[in-house]
Amino acid sequence: MKEIKVFCPATIANVSCGFDVLGLALESVGDEMLVRKKETPGIKITKIEGQDLPLETNKNVAGVAGLALLNASNYKGGFEIEIFKNIKPGSGIGSSAASSAGAVWAMNELIDKQFSKLELVQFAMQGEKLASNVAHADNVAPAIFGGFTLVRSYEPLDIVPVNTPNQLYATVIHPQIEIKTSDSRKILKTNISLEKGIKQWGNLGGLIAGLFTEDYELISRSLEDHIIEPVRSILIPGFDAVKASAISAGALGCGISGSGPSIFALSKGQETAQIVAQTMSKVYEEIGLDFDVHVSKICSKGVKLI
Ligand code: ADP
Numbered sequence: 001m002k003e004i005k006v007f008c009p010a011t012i013a014n015v016s017c018g019f020d021v022l023g024l025a026l027e028s029v030g031d032e033m034l035v036r037k038k039e040t041p042g043i044k045i046t047k048i049e050g051q052d053l054p055l056e057t058n059k060n061v062a063g064v065a066g067l068a069l070l071n072a073s074n075y076k077g078g079f080e081i082e083i084f085k086n087i088k089p090g091s092g093i094g095s096s097a098a099s100s101a102g103a104v105w106a107m108n109e110l111i112d113k114q115f116s117k118l119e120l121v122q123f124a125m126q127g128e129k130l131a132s133n134v135a136h137a138d139n140v141a142p143a144i145f146g147g148f149t150l151v152r153s154y155e156p157l158d159i160v161p162v163n164t165p166n167q168l169y170a171t172v173i174h175p176q177i178e179i180k181t182s183d184s185r186k187i188l189k190t191n192i193s194l195e196k197g198i199k200q201w202g203n204l205g206g207l208i209a210g211l212f213t214e215d216y217e218l219i220s221r222s223l224e225d226h227i228i229e230p231v232r233s234i235l236i237p238g239f240d241a242v243k244a245s246a247i248s249a250g251a252l253g254c255g256i257s258g259s260g261p262s263i264f265a266l267s268k269g270q271e272t273a274q275i276v277a278q279t280m281s282k283v284y285e286e287i288g289l290d291f292d293v294h295v296s297k298i299c300s301k302g303v304k305l306i
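Here the UniProt record's numbering is used: the first residue of the sequence shown is 1, the next is one more, and so on.
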């Protein structure tokens, strides 16, 4: 195999109660990437379509993540990458993670799977570090493992794949304003009260249990965030109205996707997820803010061959 083309899924990080530890991959929203083996060592990004992003290897997350893999491997050659972006950077659905995860996953396929998924996450985290100054794994882990993933620990890195109930659908609405992950991190407090901590880990445990037992009511009760959402939602115009509309339309829960400004809702069944998309859209139509909206099943595979 000399070259492969892959689908790199968009991801929703945090999922309300799992700040920096929980994430999920979407099945029908994502980028595409072509990775080609070359005899010349190093990584060259030869084409980027869809978004204006740097071609320089050390300024593009795909290059930085790819170099981390290359340096750890015994492969003596290099790679050429073409990126076809659908996910806008700064939209909160893991644009940088899609490129980082896609690059290392594809390269690993081309060098006979030298690395485990966990190692691929570690390489992809270097791309995340370039994008947001923090080597977080909550987008790249679901992008590589698929489904829901929990980052149980960062040191050492321990990723727990979590069951995805079959009827679970995500609706994601992206109001057309840009929030940089690095900026939306700056406004967060670094301390939390014990009272808020108790609520948050109760909900996180409840959500994980609900996902494994496919208990949609428990999933719904657990989709709460008492720590991050009250601070970050201030940056997102119409957040409270969008959330209220999603819940009234039957969503199990609704919150900020990653660092925003995208807002996600989870629903049982595609039909409800579509209705939720319509009611969320109506709020932005009334405000007069441009938006994109997507309905997607949760992707069980992560990055995959196309
Ligand atoms: P997101 O959460 O959508 O990934 P971030 O703000 O975290 O958004 O990251 C986007 C940043 O990463 C931007 O500054 C962008 O220029 C940079 N970047 C570098 N390479 C890429 C790439 N291949 N895809 C997306 N963003 C990239």
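Every residue gets a Cβ at the ideal spot worked out from N, C-alpha and C, and that includes glycine.
Query	Result
Is the beta carbon of residue 4 within less than 7 Å of some heavy atom of ligand 1?	no
Here's the rule: buried if 16 or more other CB atoms are within 10 angstroms of the residue's CB, otherwise exposed. What is residue 41?	exposed
Let's test the definition: count the other Cβ atoms within 10 Å of the Cβ of residue 176 and tell me whether it reaches 16, buried, or not, exposed.	exposed
Buried or exposed: which applies to residue 134, given that a residue is buried once 16 or more other Cβ atoms fall within 10 Å of its Cβ?	exposed
Quick one: does the C-beta of residue 54 sit closer than 7 Å to a heavy atom of ligand 1?	yes
Could you give the C-beta distance for residue 90 and residue 195, rounded to a whole number, given that I count them as a contact under 8 Å?	With 8 Å as the limit, residue 90 and residue 195 do not qualify as a contact, their Cβ atoms being about 33 Å apart.
Using C-beta distances below 6 Å, list every residue in its chain close to residue 204, excluding the 5 sequence neighbours before and after it, in chain order.	17 and 18
Could you work out which residue in 46, 273 and 280 is closest to residue 289 when comparing CA atoms only?	280
So does the stretch 140-152 actually touch the stretch 293-301, counting three or more Cβ pairs closer than 8 Å?	yes
To which residues does DSSP link residue 101 through a beta bridge?	Looking at the DSSP assignment, residue 101 forms no beta bridge with any residue, so it has no partner.
For residue 153, count neighbouring C-beta atoms within 10 Å of its own C-beta (all shown protein chains included) and say buried if the count is 16 or more, exposed if not.	exposed
Answer yes or no: do residue 170 and residue 26 have a C-beta to C-beta separation smaller than 8 Å?	yes
Can you check the stretch 237-279 for any alpha helix (DSSP H) of at least 4 residues that lies completely inside it and give the ranges in chain order?	239-248
For the beta strand (DSSP E) holding residue 39, just list the boundary residues, first then last.	Premise fails: residue 39 is in no beta strand (DSSP E) and is neither H nor E.
Quick check: what's the CA-CA separation for residue 9 versus residue 286?	30 Å
Closest by CA to residue 232, which one among 248, 181, 222 and 306?	181
Where residue 188 and residue 199 are concerned, what is the direct C-alpha to C-alpha distance, given to the nearest angstrom?	18 Å
What residue ranges within the stretch 157-206 form continuous alpha helix (DSSP H) runs of no fewer than 4 residues, ordered along the chain?	181-186
Check residue 84 in the structure and name its three-state DSSP category.	strand
Closer than 7 Å: is that where the CB of residue 12 sits relative to any heavy atom of ligand 1?	no
For ligand 1, is there a heavy atom less than 7 Å away from the beta-carbon of residue 89?	yes
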